[in-house]
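Visitor: Structure provided below as structure tokens; questions to follow.
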């Protein structure tokens, strides 16, 4: 019988299957855009919002890799970051660190996990966000994609309050909201995966 620790490992291993609906929606849009009769190159920035454990970061990584594979960005790297990578001890350092990240992201896909943590009253936060806005794509066809991940209310607060230009870089149409799975759905997914892997789940865990 598998230990509880092993069960957790298997649980996380099957998460990609749980997030497949969101992944396929995104891929369908990319496929439509890639057709010869597509009217224009897409605006590649995205915002992934939802509760903890709904797969925002996992799907962001998959989506980023897909953008690279389909040639929407020229260099083909996925750059994973958190707000701490953008923030310095003062406003000048925040601006410098953010500029360096944005320049590195040209031709690539930049994923900012827990992006709402860029909110703050201090100048170090505002400087980072202002620099992010200055270097972010403003129109379709730009050789860069930025994906913000985080909780819905907090992300909306970031977009609405930190810099007027930020909302324009990530308009509402770029947002994908990840719904939470209920207990029954999670039980079914775990039971199905465990059966496929021949893992015995103790009754009290079901």
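Numbering (this note's numbering), first residue to last: 6 to 211.
Built from N, CA and C at the ideal position, the CB exists for glycine as well.
For clarity, every value in this text was computed on a predicted model and none was experimentally measured.
Could you tell me whether the segment 128-143 touches the segment 85-100, where touching means 3 or more Cβ pairs closer than 8 Å?
Guide: Enough Cβ pairs lie closer than 8 Å, so yes.
Visitor: What separation, rounded to the nearest whole angstrom, lies between the Cα atoms of residue 128 and residue 66?
Guide: Each residue's alpha carbon lies about 30 Å from the other.
Visitor: Give me whichever residues DSSP pairs with residue 55 in a beta bridge.
Guide: Residue 55 pairs with 183.
Visitor: Please report the distance separating the alpha-carbon of residue 170 from that of residue 176.
Guide: One C-alpha to the other measures close to 10 Å.
Visitor: Inspect the beta-carbon positions of residue 64 and residue 116 and report whether they are closer than 8 Å.
Guide: No; because the gap between Cβ atoms is not below 8 Å, this pair is not in contact.
Visitor: What span of residues does the beta strand (DSSP E) with residue 67 cover, start to end?
Guide: Not the beta strand (DSSP E): residue 67 falls in the alpha helix (DSSP H), residues 61-74.
Visitor: Taking buried to mean at least 16 other C-beta atoms within 10 Å of its own C-beta, is residue 173 buried or exposed?
Guide: Counting Cβ neighbours within 10 Å, residue 173 comes out exposed, since fewer than 16 surround it.
Visitor: Put residue 201 into one of helix, strand or coil per three-state DSSP.
Guide: Three-state DSSP puts residue 201 in a helix.
Visitor: Do the segment 53-60 and the segment 142-157 touch if we need at least three Cβ pairs shorter than 8 Å?
Guide: With a cut-off of 8 Å, the segment 142-157 and the segment 53-60 count as touching, because enough Cβ pairs lie within range.
Visitor: Suppose contacts are defined by Cβ-Cβ distances below 8 Å. Is residue 113 in contact with residue 78 by that definition?
Guide: In this structure, residue 78 lies closer than 8 Å to residue 113 by Cβ.
Visitor: Assuming contact is defined by CB atoms lying nearer than 8 Å, are residue 110 and residue 149 in contact in what I supplied?
Guide: Contact flag set, yes.
Visitor: What are the complete alpha helix (DSSP H) segments, minimum 4 residues, inside the segment 66-126?
Guide: For the segment 66-126, whole alpha helix (DSSP H) runs of length 4 or above, ordered along the chain, are 96-110.
Visitor: Among 92, 69, 88 and 90, which residue has its Cα nearest to the Cα of residue 81?
Guide: The option with the nearest alpha carbon to residue 81 is 69.
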